[in-house]
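In the order they appear, the protein sequences are chains L and C.
Under numbering that gives the first Met the number 0, the first residue of the first sequence is numbered 0, with each subsequent residue one higher.
Under numbering that gives the first Met the number 0, the first residue of the second sequence is numbered 0, with each subsequent residue one higher.
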Amino acid sequence: MNLEYGPEHARFRDEVRDFLARNGHRAPHASQRAARPDAAAVAWQNLLIEHGYTARSTPKEYGGYGAEPDILKSRIIAEEFARAGLPGGLSNQGISMLVPTLLELGTEEQKRRWIEPTLRGDIVWCQGYSEPGAGSDLASLRTSAREEDGHFVINGQKIWTSTARQADMIFCLVRTEAEAPKHAGISYLIFPMDLPGIEVRPLKTMTGHAEFNETFFTDVRVPVDQIVGQRGQGWFVANATLGHERGMLGDPDALENRLLALIRLMQEERIGSARAIDNPVLRDRLVALQAEVAAMKYNGMRVLSSQLKGDAGGMAKLIVKLQSCELAHQISALAIDALGEMGILYADSPRVREGGMWQWNYMFQLGLIIGGGTAQIQKNIIAERGLNMPREPRLALAAAQGRKEVA
Amino acid sequence: MDFGLSSEQEMLGDTIRRCLADTCPLDHVRVCVNAGSAVSDRVMAALDEIGLTGLIVPAAHGGLGMTLLDAVVVAEQLGRAVAPAPFLARSVLAPLALMLAGSAAQQAEWLPRIASGAARFGVAIAGIVEERDGVTVRHDGGRLSGTALFALDFEGADHFIVADASGRLHLLAAATAGVEPIALQTIDATRGVGELRLTGAAAEPLADDGGLAARRLRDAGRILLAADSLGAGEAMIEQAVAYAGEREQFGRVIGSFQAVKHMCAEMAARHEPCRALVWYAAHAFDAVPVEAALMACHAKSHTGEVHRFVARTATEVHGGMGFTDLLGLHFWFKRIGFDRQVLGGPERVREEAAQLQGLTATAQ
């Protein structure tokens with residue numbers, strides 16, 4: 000057990016702290032971090048790229064900082080930004096999912112054309128994966144693309160396209176080979192959102208807000224070369240990015256910060272003359288969550304250490320999405336319980352606490368438990384990949400067929 | 000930066016694991032338990048050969064001079080094997096008491112004897128966690144009176160470290176006049192626990208340190224119980240997964256049903272982060288003293304909750320067989336139950352964690 004980062008990384012941490020102390024005042028406020036970044040957010044993003052605090056290992060020729068990948072330095076950056084309470088670089092699906100996909104599987108021309116403006120916040124993307132009939136079973140998607148004089152003609156519907164209203168571009172899974180088995184008939188296309196035939200409708204959720212959209216395609220024409228990978232390989236291209244998404248949804252710093260916010264809430268909220276935290280039942284639940292957050296924090300350090308040795312992280316990594324989302328949800332649930340009757344207040348109500356943030360979190364985090372691979376799908380993955388348990392008989396058959404046909 | 004066990008610690012774990020696989024299969028555990036003993040001479044002899052009795056005793060006193068994290072590695076393997084093998088009190092807490100609060104003369108007298116296995120200690124500090132049945136231990140002029148409950152590694156102990164009501168530790172020979180040792184029957188027959196009824200028993204006091212050493216013992220004990228639970232929990236998950244992969248119903252192995260698969264995934268998902276938590280708690284005990292007590296509380300309470308879930312769920316995966324004595328799954332179930340309660344159950348320990356952080360009204 001050695002938790003020292005060593006002199007080189009200690010110096011690096013000092014540099015990051017120094018940078019934040021000198022430049023922190025230039026960071027955009029949380030309210031400015033909308034889907035489409037404003038001038039302040041773009042300026043902050045450019046400053047961070049210039050210093051290598053975001054897009055750190057993206058090559059220089061594609062607009063990144065061009066440093067050697069160093070997991071520990073990335074971790075130090077995340078820790079120091081979280082500690083300073085300052086936003087890191089832009090975080091959207093274009094940056095977290097499309098850019099890594101293009102770096103891995105895009106053509107040289109695609110990399111040069113799309114990565115830099117995406118990193119700089121000039122191009123906003125949305126993700127067109129899920130469909131009303133294709134959620135957990137994503138590979139059964141039906142949005143079709145038939146080829147017609149050098150174009151794909153797209154028809155169908157996507158759902159959960161979170162930034163579709165603000166997006167300039169979409170990366171989208173479509174069925175190009177109608178006759179092929181489901182995993183082998185998919186292609187990964189990229190195209191503008193202002194093409195004729197695209198309609199975006201806001202999708203209002205239980206929170207009362209429209210955090211997502213539905214996107215409809217009617218005879219949308221996309222040149223056939225706007226494809227990542229080959230025709231029929233879209234499933235594999237998409238899987239490269241799904242890994243990045245799951246990596247995103249389990250940030251131990253975020254859990255720790257939420258827990259600290261909960262402790263503050265429970266110390267400030269009064270029940271008569273006592274504080275909410277003086278209620279022994281509420282306090283017991285708080286400390287139980289604190290232990291779980293600590294466990295996830297050290298589990299994260301353990302995974303990080305495995306990755307430093309070139310190991311994927313095994314079971315300790317597989318369980319992160321399931322456990323983190325559940326834990327975040329429980330933290331919000333306790334906040335609502337600590338608020339008692341005040342816990343029902345929402346939106347702009349008189350007496351509302353923190354803008355109804357805890358209720359919104361409680362509902363939205365339920366969405367996160369479901370999204371990005373439902374809790375049940377996560378459990379299948381843990382059981383099948385982590386514990387080597389048998390797959391569902393019919394699924395096992397279909398997957399084996401899919402593999403054969405693609406090969 | 001390397002969060003995890005060193006290669007030496009990995010090796011230590013492997014060595015103990017192989018040693019217990021050879022000397023302590025479930026059949027052997029049954030033999031000991033049926034004979035009414037929580038101490039297997041065969042297992043103890045094998046472990047002594049590895050030097051476990053002197054694991055944390057400084058080299059100058061004939062031991063290996065290792066850390067609590069090393070002891071955690073051992074405790075996990077003992078839990079995994081449900082080994083009837085005194086370790087927690089005999090090989091860790093007792094030498095720790097002498098190292099923390101013993102005089103130079105006491106250390107020189109006792110630590111080499113602990114390291115060689117010549118002196119076998121039990122430890123009774125339950126009273127500093129919570130007073131039960133109104134009994135305590137009073138110290139008056141080198142003599143102890145009252146009752147010390149839940150002496151750990153009681154069976155086979157010829158000496159005890161006992162905490163009095165003020166938290167001061169004393170060294171007591173079991174054969175002294177005025178000591179009546181009474182064995183207690185617990186759910187976990189692989190651990191020997193007892194109480195000491197004391198009537199003016201002559202004892203050697205350790206340093207009068209305001210209970211500091213006793214609290215360190217409590218923290219170390221909690222971390223080791225959590226580690227034991229980690230090993231026992233992992234063994235239960237492995238058995239459940241293996242059973243689900245063999246047992247057929249409705250023409251399929253039951254492990255291919257999602258209902259069963261998800262039970263196993265939930266156990267694994269809750270269990271896995273416990274490992275990092277227990278490791279960090281031991282590391283804090285060794286190297287970050289300011290965090291040690293809190294992390295010991297977190298590790299103890301969290302593993303207590305998680306492994307209660309694992310114990311019942313792994314039993315359920317085995318269906319009716321899990322409930323029988325035939326498979327012996329209950330040995331792990333009971334081991335986990337013991338680990339959860341001893342030195343403070345989760346609620347008690349969480350209340351302490353709240354106090355340590357100044358979160359309670361009285362602490363304001």
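Heads up, the beta-carbon is just placed ideally off N, CA and C, and yes, glycines get one too.
How far does the alpha helix (DSSP H) with residue i in it extend, from its first residue to its last?
i	result
L/P99	98-104
C/E351	345-355
L/A315	313-317
C/C18	6-22
C/V134	No alpha helix (DSSP H) holds C/V134; DSSP gives it neither H nor E.
L/R74	70-83
C/F332	328-340
C/M262	257-286
Of all the CB atoms in chain L, is at least one closer than 9 Å to the CB of residue i?
i	result
C/T312	no
C/L68	yes
C/M294	yes
C/R251	yes
C/H297	yes
Quick one: list the residues of chain L neighbouring residue i, beta-carbon separation under 7 Å, in chain order.
i	result
C/R349	D283, V286, A287
C/Y279	Y297
C/H282	M0
Going by the CB atoms, is the gap between residue j and residue i shorter than 9 Å?
i	j	result
C/A150	C/G116	no
L/L259	L/L333	no
C/F86	C/V73	yes
L/T214	L/Q306	no
C/C263	L/L386	yes
L/L2	L/E79	no
C/D338	C/H297	no
C/G50	C/L63	yes
C/P94	C/I127	no
C/A188	C/A37	yes
C/L325	C/A219	no
C/G191	C/F153	yes
L/S56	L/D69	yes
C/W331	C/Q238	yes
C/I113	C/S144	no
Cβ closer than 8 Å: which chain L residues qualify as neighbours of residue i?
i	result
C/S300	V286, A287, A290
C/L11	Simply none; closest approach about 13 Å.
C/E346	D283
Answer yes or no: does any C-beta atom of chain C fall closer than 9 Å to that of residue i?
i	result
L/N256	no
L/G385	yes
L/R245	Low per-residue confidence applies at L/R245: pLDDT is 48, beneath 50, and the placement is therefore not dependable, though the value from the model is reported in the following sentence. False, the Cβ-Cβ gap to chain C never drops below 9 Å.
L/L338	no
L/A273	yes
L/L118	no
L/V15	no
L/G378	The amino acid at residue 378 of chain L is misidentified as Gly; the sequence shows Lys. Judged by the 9 Å Cβ criterion, L/K378 is in contact with chain C.
What are the partner residues of residue i, as DSSP defines its beta bridges?
i	result
L/F215	L/Q156, L/E198
C/E194	C/I181
C/L170	C/I160, C/E203
L/F151	L/E146, L/V221
L/C125	L/I169
L/I226	L/L188
C/D139	C/R142
L/I262	Beta-bridge pairing links L/I262 to no other residue.
C/V28	None; C/V28 has no bridge partner.
Quick one: which chain C residues come within Cβ less than 7 Å of residue i?
i	result
L/S304	M0, D1, F2, G3
L/L2	M0, F2
L/A426	Any answer about residue 426 of chain L is impossible in this case: the structure gives chain L only from 0 up to 406.
L/I276	L358
List the residues of chain L that residue i touches, going by C-beta distances under 9 Å, in chain order.
i	result
C/S255	M388, P389, R390, E391, P392, A395
C/E380	What is shown of chain C runs 0 to 363, which leaves residue 380 of chain C out entirely.
Beta strand (DSSP E) containing residue i: first to last residue?
i	result
C/S144	142-150
C/F2	Here C/F2 belongs to no beta strand (DSSP E), and DSSP marks it neither H nor E.
L/Y187	185-191
C/A123	120-123
Give the residues of chain C in contact with residue i, contact being defined as C-beta atoms less than 9 Å apart.
i	result
L/L321	A264, E265, A268
Chain B partners of residue i, CB-CB under 9 Å?
i	result
L/Q358	The structure shown has no chain B; the protein chains it does contain are L and C.
Please list the partners that residue i has in chain C, where partner means a Cβ-to-Cβ separation under 8 Å.
i	result
L/Q375	Q257, H261
L/A77	Going along chain C, no residue has its Cβ under 8 Å from L/A77, so there is no contact; the nearest lies around 14 Å.
L/I369	Neighbours of L/I369 on chain C: none; closest Cβ ~15 Å, over 8 Å.
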